[in-house]
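Chemist: Following this message is one structure expressed as structure tokens.
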Amino acid sequence: MGRPAPVAPTNRVRPAYGLVRSGRTRQTWQLPGLILRFLSVVPAAAPPAESDAVSQIPVWLDGGTVADGTGRDPFPNPGILTQDGRITQIGGTRPADAQVADCQGLTLTPGLIDAHVHMACSAFDPSLRYDVSVAEMAADMFVNCRQTLEGGFTTVRDTGGIDRGLADVVASGKMPGPRILQCGPVHSQTGGGGQMGAEWEPTELWDRHAIPGLVTWALLSDGPDELRKNVREGFRRGATFVKLLVTGAVVAISTQQPSDTQFTVDEIAVAVEEASAKGTYVTVHAHNNAGIRAAVRAGVRCVEHGSQVDEQTAALLSEHGVALVPTLSIMEQLVADPASMGLAPGYATRLSRFAQTARDAVLACRAAGVRVGLGSDLLGPDQRDRGRELVHRARLESPMQALESATRINAEIIGLGDDLGTIETGKIADIAGFAGDPLSDPGQFADRDRVVLVMQGGRLVKSGPQD
Ligand SMILES: [Zn+2]
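In this note's numbering, the protein residues as written are 730 to 1196.
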């Protein structure tokens, strides 16, 4: 912990934008790296290491409007004090030694959380053909991390693609980025939704696409014993939760379909047992209802996509307390422009039928009382439009519901509800400031120029429009 964090571009405090009225040096803003490191590598339910916090100069966020993520109406900011990485006071008198960040005209929200990302997916098909160098993949990942943070997302849950190295590098402070919870390798049956590439590539070569410490794809398992071994292998490599593919996928080997069910209840239950033994949980990629029902019977805690969830399945999710993380952005972007994600045109055709059912599924789950989170599922080297997921959800439901899903509800789903997701005393000081009012004009959620303040763990990592 003794090594000071490097001064990365996003650490710059730019008085020119008027947000910080103190002449303190950059070093006063450095975050204790161990807080981030701890959060990113332990099982999701574990609390952060408060005792590892390095004393920080207190910061007073002055003025603006607060939308605190609890769902209550926005209110004028009475002043928010942050110290040692936490929100320590809301309202009252500003301490004399606190630095002041001028937030007049801003809407302050909790740091956004994207519960379904793929920070590593530089370009699926080309990288699987070795057309993309490891250096370029790594560069894309680091740029992706920086842009995600600059967009106001202070935490992400990576649902497949990165090996733990990326999370560790960001947590160490060497590169700017969001707090990353990751599952490491996802788990798929042979020829299932986690296997990509050409159908003529021998399956025994599949593992060669992994790059230890940087990129990891699916571990293939057939039968409970093999899956148990591979889930344990994922934990050995630092997974903080488990992800299984229990139906076919869109972006996967062409001989499987999203209408397929994959893994048996017995297989899924083994993964749930192993996750429970590690104090964490299983989430599942799933499109069709049969696959989702099997997963619920086996005891999973969360469903990704759920693009065909009907009323009966929504009721089942609600009954068992299983959350849904819908992913609308990928539907829209992939249908409109698959090339922007580095994918062939055929993927758009496969996905187009889900665009409407995915919206209906969100509404069915809301009506049934399911906890509905939010995930972008963006792929490819350019993932700057992560905030667009809130825009889609704001149009479908309401801007406030979109914000709640991206903050408080996502924090609960990823197991960090006690520490993240709302602006309340005692929470980790992750805060985003929008120049304007995204609750009145939700398009602002996707306008990164409007994200003029990002605080992560009590450290101002952005003050002003992005570079
Ligand atoms: Zn995904």
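Even for Gly, the Cβ is constructed at its ideal location relative to N, Cα and C. Just so we're clear, the structure is a prediction, and the values are computed from it rather than from any experiment.
Determine the extent of the alpha helix (DSSP H) in which H845 is found, giving its start and end residues.
Modeler: Stepping through the sequence shown from its first residue, residue 845 is reached at position 116. Taken as a continuous stretch (DSSP letters only), H845 belongs to no alpha helix (DSSP H), being part of the beta strand (DSSP E) at L841 to V846.
Chemist: Leaving out five residues before and five after L1045 in sequence, what residues of the same chain have Cβ atoms less than 7 Å from its Cβ?
Modeler: To locate residue 1045, count along the sequence shown from 1; it is residue 316. Answer for L1045: R1022 and V1025, listed in chain order.
Chemist: The alpha helix (DSSP H) that contains V788, what's its start and end?
Modeler: The residue given as residue 788 occupies position 59 in the sequence shown. First-last for V788: V788 to D791, but that is the beta strand (DSSP E), not the alpha helix (DSSP H).
Chemist: Is D854 near ligand 1 - that is, is its Cβ less than 7 Å away from at least one heavy atom of it?
Modeler: Counting from 1 along the sequence shown, the entry for residue 854 is found at position 125. False, no ligand heavy atom lies under 7 Å from that Cβ.
Chemist: Helix, strand or coil, according to DSSP, for I1152 in the structure here?
Modeler: The residue you call residue 1152 lines up with position 423 of the sequence shown. I1152 falls in the coil class under three-state DSSP.
Chemist: Judging by CA-CA distance, which residue of G1165, G1150 and D1166 is the nearest neighbour of D1159?
Modeler: Position 430 of the sequence shown, counted from the first residue, corresponds to residue 1159. For D1159, the nearest C-alpha among the options comes from G1150.
Chemist: Please find out if some non-hydrogen atom of ligand 1 comes closer than 7 Å to the beta-carbon of D1114.
Modeler: On the sequence shown, residue 1114 is found 385 positions in, with the first residue counted as 1. No; taking the cut-off as 7 Å, the Cβ of D1114 has no heavy atom of ligand 1 nearer than that.
Chemist: Any idea what DSSP makes of I1142, helix, strand or coil?
Modeler: For the purposes of this step, residue 1142 is identified with residue 413 of the sequence shown, where counting begins at 1. I1142: helix per DSSP, three-state reduction.
Chemist: Buried or exposed, going by whether 16 or more other CB atoms sit within 10 Å of the CB of T932?
Modeler: The residue you call residue 932 lines up with position 203 of the sequence shown. Exposed: under 16 other Cβ atoms inside 10 Å.
Chemist: Roughly how many angstroms lie between the CA atoms of F1163 and G952, to the nearest whole one?
Modeler: On the sequence shown, position 434 is the one that residue 1163 refers to. On the sequence shown, position 223 is the one that residue 952 refers to. One C-alpha to the other measures close to 49 Å.
Chemist: Note the first and the last residue of the continuous alpha helix (DSSP H) segment covering V994.
Modeler: In the sequence shown, the residue the question calls residue 994 occupies position 265. In the DSSP annotation of this structure, the continuous segment of the alpha helix (DSSP H) that includes V994 starts and ends at V994 to A1006.
Chemist: DSSP three-state call for G1186: helix, strand or coil?
Modeler: Position 457 of the sequence shown, counted from the start, is the residue given in the question as residue 1186. G1186 carries a coil assignment under DSSP once its states are collapsed to helix, strand and coil.
Chemist: Opposite K1191 in the DSSP bridges: which residues?
Modeler: Here residue 1191 corresponds to residue number 462 of the sequence shown, with the count starting at 1. DSSP output for K1191 lists V1183 as bridge partner(s).
Chemist: Rounding to the nearest angstrom, what Cα-Cα distance links L768 and K1191 in this structure?
Modeler: Counting from one through the sequence shown, the residue named residue 768 turns up at place 39. Counting from one through the sequence shown, the residue named residue 1191 turns up at place 462. Unreliable positioning characterises L768 in this predicted model, as indicated by a pLDDT of 29, which lies under 50. The coordinate reading is nonetheless provided below. L768 and K1191: Cα-Cα distance of roughly 21 Å.
Chemist: Looking only at C-alpha atoms, which of C850, P987 and L943 sits nearest to A978?
Modeler: The count along the sequence shown starts at 1 and reaches residue 978 at position 249. Of C850, P987 and L943, the residue nearest in Cα terms is P987.
Chemist: Given G963, which residues of its chain have a CB within under 8 Å of its CB, disregarding the five upstream and five downstream residues?
Modeler: As a working note, residue 963 is residue 234 in the sequence shown. Closer than 8 Å at Cβ, skipping near neighbours: C912, G913, P914, H916, L948 and V971.
Chemist: Go ahead and label W946 buried or exposed: buried means 16 or more other beta carbons lie within 10 angstroms of its beta carbon, across all protein chains shown.
Modeler: The sequence position of residue 946 within the sequence shown is 217, counting from 1. The residue is buried, with at least 16 neighbouring Cβ atoms inside 10 Å.
Chemist: Looking at C-alpha atoms only, which residue of E1033, V1064 and Q1062 is the closest neighbour of A1052?
Modeler: As a position in the sequence shown, residue 1052 is number 323, starting the count at 1. For the set E1033, V1064 and Q1062, the Cα lying nearest the Cα of A1052 is the one of E1033.
Chemist: Going along the chain, which unbroken runs of the beta strand (DSSP E) with 3 or more residues stay wholly within the stretch 836 to 903?
Modeler: 841 to 846 and 882 to 887
Chemist: Residues around ligand 1, please: the ones whose beta-carbon is closer than 6 Å to some heavy atom of it, in chain order.
Modeler: A residue is listed when its beta-carbon falls short of 6 Å from at least one non-hydrogen atom of ligand 1; in chain order these are H845, H847, T888 and D1106.
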